[in-house]
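Everything below concerns the one structure shown next.
Protein chains: 2
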Amino acid sequence: MEGPTNISDVIEKYLKGILAEAEQVEIRRSDIADQFNVVPSQINYVIKTRFTIQNGYIVESKRGGGGYIRIEKVNLLADADVLDSLLTDVVGDSINQHDAFAIINSLFNDGVLKEREANIILAAIDKDTLNVADRDVENTLRARILIGVLNRLRFED
Amino acid sequence: MEGPTNISDVIEKYLKGILAEAEQVEIRRSDIADQFNVVPSQINYVIKTRFTIQNGYIVESKRGGGGYIRIEKVNLLADADVLDSLLTDVVGDSINQHDAFAIINSLFNDGVLKEREANIILAAIDKDTLNVADRDVENTLRARILIGVLNRLRFED
DNA sequence: CAATCTTTGACTAATATTGACTATATTATA
DNA sequence: TATAATATAGTCAATATTAGTCAAAGATTG
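Here the protein sequences line up with chains A and B, keeping their order.
Whatever position you read off the first sequence (first residue = 1), add 61 for the working numbering.
Whatever position you read off the second sequence (first residue = 1), add 61 for the working numbering.
Given below as structure tokens:
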């Protein structure tokens, strides 16, 4: 019944309309801001809230002359739901090395990760690699890395 | 969408186009500057920002009559010494996201990393993933993860 | 009314462009 | 051969051109 009620939704729909036709959109932030009569930083808000990796978008940008913001749509993989439930149920906002290793190991056993891929992740979240004095900080950081990596693996590219 | 709208990107692409065909490219700075209608020092800027060792290039030059700038592509897979010095000198104990991304991209281009492997590493060292308040701490952590991961891959082979 | 989402703008950071000045190598000339 | 003239490239800082961050204010929703 009702259309979009705020300008952020309008901008979101505009960009997604383009992405329905093309692989990616490349904009000049101030152009879009002018077009919808909003301040430039609102474009960042729209992107941060509506074009996340969880939703299947990858965003790249460059400042300076000829700068741009590029939004790319990426496709969900078959394993996406496995990774998704793992993320919401198991990882949380803190995870110790033992539990994290078990997750990666099971993903390897299930064929979601190749051996080299698993080894890369294990190296990245190893406690000696992170080398953080505080155990809680270490576990929080490990959770963030795991979430970032597994979210990325939900998509192809 | 559109191509680059800044002249530095255009010059970069021109030079990389030549390097796609040849082992190296040798230019006279003022020729290229004239060709693209920029001041000569902009050629130095393009080289300094886009043909660094972390991008996989080595640059040599000579001044005076018959002077030149020569850009050579190095293969990090073939040249273990270059990779070594790159990790020691460029990564060291701190590295920002921009430089780290350039290194991973080079390793992918040279066949050291597969695309999925590169994406995993990029996700792990992304500043939003690490989400550390202090920039120095973030860069230190990124360096440890990068070195930890690459060393793990190295022992594999 | 409390929580959440949106809008705004001041401030920050990154990148690109330009030109004056410096450094170095080669060539011409005394 | 020594020196001067010429022909290169390098450095650096000022300015211009973008995008990013953050927090306060305002609006909406449950």
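Heads up, the beta-carbon is just placed ideally off N, CA and C, and yes, glycines get one too.
The structure displayed is predicted, hence computed values, not measured ones.
- Counted as a single uninterrupted DSSP element, the alpha helix (DSSP H) harbouring Glu82 of chain B occupies residues 68 to 82.
- When the Cα atoms are used, Ala163 of chain A and Ile114 of chain A turn out to be separated by approximately 24 angstroms.
- Excluding residues up to 5 positions away in sequence, Ile182, Ala185 lie with their Cβ nearer than 8 angstroms to the Cβ of Val210 of chain A in the same chain.
- Chain-order list of chain A residues neighbouring Ile182 of chain B: Ile181, by C-beta distance under 7 angstroms.
- Straight-line spacing of the CA atoms in Ser167 of chain A and Leu214 of chain B works out to 20 angstroms.
- Ranked by Cα distance from Asp197 of chain B, the first of B:Lys77, B:Asp154, B:Gly172, B:Asp187 is B:Asp154.
- Taking 8 angstroms as the CB threshold, Gly153 of chain B stays off the interface with chain A.
- Within chain A, no C-beta atom comes nearer than 8 angstroms to that of Ala163 of chain B; the closest sits roughly 13 angstroms away.
- Distance between Ile79 of chain A and Glu121 of chain B, taken at the CA atoms: about 45 angstroms.
- Contact between Ile104 of chain A and Ile93 of chain A holds, since their C-beta atoms are separated by about 5 angstroms, short of 8 angstroms.
- Looking at B:Ala83, B:Pro65, B:Glu199, the one whose alpha-carbon comes closest to that of Arg124 of chain A is B:Pro65.
- For Leu183 of chain B, the three-state secondary structure derived from DSSP is helix.
- With a 10 Å radius around the Cβ and a threshold of 16 neighbouring Cβ atoms, Gly117 of chain B comes out buried.
- For the set B:Asn67, B:Ile68, B:Val86, the Cα lying nearest the Cα of Leu76 of chain B is the one of B:Val86.
- Just so you know, the alpha carbons of Asp187 of chain B and Ile132 of chain B end up roughly 30 angstroms apart.
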